[in-house]
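A.B. asks:
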Amino acid sequence: MGTPSSYQPHKLFIACLYGEQRTFADARALVETHFGPVDEVLAAQQFTFSSYYEAEMGPGLMRTIFSVEQLVDPSTLVSYKHATNSIENEMAGFPGRHADAQPGRTVNLDPGLLSLSRVILATTKASAHRIPLRDGLYAEITLIYRRGRYRPLEWTYPDYRSDAFVEWLARVRTTYHEQLRRLDPVRSWRL
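Residue numbers 0 to 190, in numbering that gives the first Met the number 0, belong to the letters of the sequence shown in order.
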């Protein structure tokens, strides 16, 4: 029989989509205020992968990602998704509004976790490949690290398949691996 042990800490990141009502500085300030200092940033770029958010947030959307310096327990992913939903509602001017209510968002924040072997996203949308967590939230493994890089799965979102994202995630992985080695230099970190 196996014995449960504590989870290996993961690297929290917050993907941020924003329109003309917000700036890159606004997005970074939101993340650092609510989640702590960031150590890696994906440069803001035009979000051209989908028009899904345009009806609610307008055209000309920008996408950036911030990795948070402090490592986290992966079992806390639900609390980060609740926090990002709450921030989105506050920014839209509706603090008590249900997370799925539209229109009004000026920023979209999506928490994720990076480990040496995978990238996990949190979502409110059920699907066959998503694991129920609690409170109506799900976890999705969206990338798996194989043969020297993160690789997409059949359901991986187009932006997470892009070279810019995959290369940025590789840099974050290097930073994360260095953090793990500082935690325990003799341990063979694998996950």
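Where is the CB? At the ideal position from N, CA and C, for every residue including glycine. Computed from a predicted model, the values in this text were never measured in an experiment.
Would R104 and E55 be called neighbours here (beta carbons separated by less than 9 angstroms)?
C.D. replies: yes
A.B. asks: Check T174 in the structure and name its three-state DSSP category.
C.D. replies: Assigned with DSSP and collapsed to three states, T174 falls in helix.
A.B. asks: For S49, does the count of other Cβ atoms within 10 angstroms reach 16, so buried, or fall short, so exposed?
C.D. replies: exposed
A.B. asks: Under 8 angstroms: do the region 57-68 and the region 128-138 share three or more Cβ pairs, one atom per stretch?
C.D. replies: no
A.B. asks: Would you say T155 lies against chain D (beta-carbon separation less than 9 angstroms)?
C.D. replies: The question asks about chain D, but that chain is absent: this structure has only one protein chain.
A.B. asks: Can you give me the C-alpha to C-alpha distance between R170 and Y159, rounded to a whole angstrom?
C.D. replies: 14 angstroms
A.B. asks: Span of the beta strand (DSSP E) holding K80?
C.D. replies: From DSSP, K80 is part of no beta strand (DSSP E) but of the alpha helix (DSSP H) over L76 to A91.
A.B. asks: Between V165 and the rest of its own chain, which residues show a CB-CB distance below 7 angstroms, the 5 nearest in sequence each way excluded?
C.D. replies: R148 and Y149
A.B. asks: Among the residues of its own chain, which have a CB less than 6 angstroms from the CB of P73, if the five just before and after it don't count?
C.D. replies: Y6, H9 and L112
A.B. asks: Going by the CB atoms, is the gap between S78 and R189 shorter than 9 angstroms?
C.D. replies: no
A.B. asks: Tell me which residues share the same chain as Q20 and place their Cβ nearer than 7 angstroms to its Cβ, disregarding the 5 neighbours each side in the sequence.
C.D. replies: If we look at Q20 and ignore the five residues flanking it on each side, its Cβ neighbours are T105.
A.B. asks: Just to confirm, are Q69 and L11 a CB contact at a threshold of 9 angstroms?
C.D. replies: yes
A.B. asks: Leaving out five residues on either side along the sequence, give the residues of the same chain with a beta carbon under 6 angstroms from the beta carbon of R96.
C.D. replies: Note that R96 scores a pLDDT of 44, beneath 50, so its modelled location is shaky; the value from the coordinates is reported in the next line. Counting only Cβ-Cβ distances below 6 angstroms, and skipping sequence neighbours, we find N88.
A.B. asks: DSSP three-state label for T63, please.
C.D. replies: strand
A.B. asks: Can the beta-carbon of L142 be found closer than 9 angstroms to that of T155?
C.D. replies: Taking 9 angstroms as the cut-off, the beta carbon of L142 is found closer than this to the beta carbon of T155.
A.B. asks: Return helix, strand or coil for Y6, following the three-state DSSP convention.
C.D. replies: coil
A.B. asks: In the structure shown, what three-state DSSP assignment does D158 receive?
C.D. replies: The answer is helix: DSSP assigns D158 an H, G or I state.
A.B. asks: How close, in whole Å, do the beta carbons of I192 and L76 come, if the pair is a contact with beta carbons under 8 angstroms?
C.D. replies: This structure gives no information on residue 192, because the portion of the chain shown stretches from 0 to 190.
A.B. asks: When the Cα atoms are used, what is the spatial distance from P3 to L41?
C.D. replies: 35 angstroms
A.B. asks: Can you tell me the Cα-Cα spacing of A91 and D162, whole angstroms?
C.D. replies: 31 angstroms
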